[in-house]
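Okay, structure first, notes after.
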Amino acid sequence: MQALCFELSGETAFFKKPDVNVYAYFTYSHIHKVALYGLLGAVLGLGGYTQQYERNMALGGKAKQDSPAMPYPEFYEVFRHASVSIVPHGDRGYFSKKIQIFNNTVGYASQEEGGVLNVREQWLERPRWTIYVADDGGVDREVFDRLADYVQHSKAEYIPYLGKNDHPATISKARLVELEPASEPEYIDSLRAAHVLVATGGYVKDDQMQSYLQEYLPVGLNTANNGYILEPLVFSNQEIDTDELKAEDLQKMYRDADNDRTLYFI
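Residue numbers (the working numbering): 46 to 311.
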């Protein structure tokens, strides 16, 4: 199978969790599928949430009656069936997080005297991932070819960013790679579904310190309000339990022999 592969990095990133917190806004630990689809959509100049709202709502905020509603933003409609694999780098796939404090001084952001709102956001520091976008029919041929051309030649219609426009993204080392089915996987070097278990008493890859990170990450949008659909994903350097692998999991696993990686596509 062919895939588009590239390095994705930045000085900082902020993938906001929708949970309400009176103290600070927190970030997911890694770029997730929806944010990645949005980044790819920005590269190709596809519409987002603002364009979806303008299409669906009249000036008075009432639903338009003269055209069918867009259930999803354009970028998600185009990439929703795309299979991607996300390989974290850093210290065992973990990036440092720090709270950043800044002021919103537009005057109407706060009811307090002076109208100044103190904003606290948790940012990822120097994140980096290797991204694979599978050419498996999940994306239309014309879209995939255009995306591959844009990414490999450093072109973009809109500036790609990592969660917010405070965090510009760097895309580098883009290339098309050939992947082979992983017939006898031992380790998985990307994010994977949490039901793919680690082997009891199994080895740790390359004698590293044992690590296991699990987090509920967005894998899609619902049609009711475009809220996140969450699933538990795992990143670990521990040997997997091949006896418990399901057939559908094996179908999602591929080998990048040139980089000595076993990938799981989500």
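Every residue gets a Cβ at the ideal spot worked out from N, C-alpha and C, and that includes glycine.
Please read these numbers as outputs of a predicted model, since none were measured by experiment.
Sequence-distant residues of its chain with Cβ nearer than 6 Å to residue i (five each side left out)
i    : result
P116 : T268
E260 : S74
G265 : I274
R165 : A69, I144, I146
V279 : R237, A239, Q259
R137 : S256
Three-state secondary structure assigned by DSSP to residue i
i    : result
Y309 : strand
Y94  : helix
Q296 : coil
D301 : strand
T287 : helix
V161 : coil
E229 : coil
Y73  : coil
V65  : coil
V79  : helix
V243 : strand
Y195 : helix
V88  : helix
Residue(s) in a DSSP beta bridge with residue i
i    : result
A58  : L169
L278 : A238, E260
G265 : I274
F189 : In DSSP, F189 forms no bridge with anything.
T215 : S54
R220 : C50
I176 : F51, I131
M102 : A108
V249 : Q283
Y206 : P213
Own chain partners of residue i with C-beta closer than 8 Å, once the 5 adjacent residues on each side are dropped
i    : result
R191 : L89
D185 : V123
K143 : Q167, W168, E170
M298 : P226, A227, P230, I233, T307, L308, Y309, F310
E119 : G86, L91, G92, G93, Q96, Q97
G247 : Q283, E284, I285, D286
T245 : D286
L242 : I285, D286, E289
Cut-off 7 Å between Cβ atoms - residues of its own chain near residue i, not counting five sequence neighbours on either side
i    : result
L84  : P205, A214
F60  : T72, Y73, I76, H77, A80, G208
L295 : none
A201 : A87, V88, Y195
V65  : none
N163 : I146, N148
K218 : F51, E52
A193 : L49, L221
G55  : P172, L207, H212, P213, A214, T215
K250 : Y232, N282
D301 : V222, L224, L308
Residue-level contact to chain C via CB, residue i, 8 Å cutoff
i    : result
Q259 : In the displayed structure, chain C is absent; only one protein chain is listed.
Complete runs of the beta strand (DSSP E) confined to the region 116-157 [at least 3 residues]: Whole beta strand (DSSP E) segments, 3+ residues: 129-133, 142-149.
Meets three-Cβ-pair contact criterion under 8 Å: the region 304-311 and the region 228-242: yes
Touching by the beta-carbon criterion (3+ pairs, under 8 Å), the region 99-113 and the region 285-298: no
Given 8 Å, three or more beta-carbon pairs between the region 176-189 and the region 114-129: yes
Three-pair Cβ contact test at 8 Å for the region 209-227 versus the region 278-289: No contact exists between the region 209-227 and the region 278-289.
Cβ contact (3+ pairs, closer than 8 Å) linking the region 196-212 and the region 265-282: Fewer than three beta-carbon pairs drawn from the region 196-212 and the region 265-282 are found closer than 8 Å, and the two stretches are therefore not classed as touching.
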